[in-house]
Amino acid sequence: MEVSNRQPYPFPELQNDDDFMGARTFQTKSYTQPTHLAQRVDPWNRLNTTSTLSSSRREVYHHDPQAPRDSLDFILKSDYDQHNEFLRSKNETLTQPETIGEDHGRILKNKKKEEPKLFDPMNPPTVKSVIQDPKKESIHSTKGAIDSHHSAATNPGYSRKHDGGFYTT
């Protein structure tokens, strides 16, 4: 008896992903160095050793003498002034000066304070003053029109014809 060359399985043959598309090409190239050597390269080392403000606050030995110790300290150090800002919401009364961006006397690790430039009267800074309206007015608006008895805003809806009758729309 002769052996048949017929394929007993239906088309397509789903054996693996490389059958119909060829070998996969990866978008990222494989790393040239092992991890323990790549971590000693300067940019990674610099990023690893530089702490952010929040990560430095989570350190074990972090101590901030100006930080509030309890809820009363937190409320007393808030930026709320009851005489000028009466009946504010609770989240507005507990806002700290650091959150608003006011000067609180503390030097933050990652923020450098910009020193203002000294004024030199012989070399004053040049300022280009351009007056811009924050909202563009419509060209059909009568708000900025010159007042006269012929203006459309003088008698809205009650305009009369020359013979004394009303205009209809």
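Here the sequence shown is numbered in UniProt numbering, starting from 1 and rising by one per residue. Idealized CB from N, CA, C, for every residue including glycine. As the structure is a prediction and not an experimental result, all values here were calculated from the model.
Quiz item: Leaving out five residues before and five after residue 48 in sequence, what residues of the same chain have Cβ atoms less than 6 Å from its Cβ?
Solution: none
Quiz item: Between the stretch 54–65 and the stretch 32–39, are three or more C-beta pairs nearer than 8 Å?
Solution: no
Quiz item: Are the CB atoms of residue 96 and residue 117 nearer to each other than 8 Å?
Solution: no
Quiz item: Is the beta carbon of residue 65 sitting closer than 8 Å to the one on residue 74?
Solution: Going by C-beta atoms, residue 65 is not nearer than 8 Å to residue 74.
Quiz item: With respect to the alpha helix (DSSP H) encompassing residue 100, which residues constitute its N-terminal and C-terminal limits?
Solution: 97–100
Quiz item: Closer than 8 Å, CB to CB, is residue 95 near chain B or not?
Solution: Looking for chain B here will not work: only one protein chain is present.
Quiz item: Can you name the start and end residues of the alpha helix (DSSP H) that residue 57 belongs to?
Solution: 53–57
Practice problem: Enumerate in chain order the residues of its own chain whose CB-to-CB distance from residue 59 is below 8 Å, with the five nearest sequence positions on each side excluded. | Solution: Same-chain partners within the cutoff: 51.
Quiz prompt | Alpha-carbon spacing of residue 71 relative to residue 43, whole angstroms | solution = 41 Å
Practice problem: May I have the straight-line CA-CA distance separating residue 98 from residue 91, to the nearest angstrom? | Solution: Residue 98 and residue 91 have their C-alpha atoms roughly 15 Å apart.
Quiz item: Just how far apart, CA to CA, sit residue 121 and residue 89?
Solution: Roughly 47 Å between the two C-alpha positions.
Practice problem: Compute every distance between the C-beta of residue 143 and the non-hydrogen atoms of the ligand GDP, then say whether any falls below 7 Å. | Solution: Judged by which ligands are present, the structure shown has none, so any question about the ligand GDP falls away.
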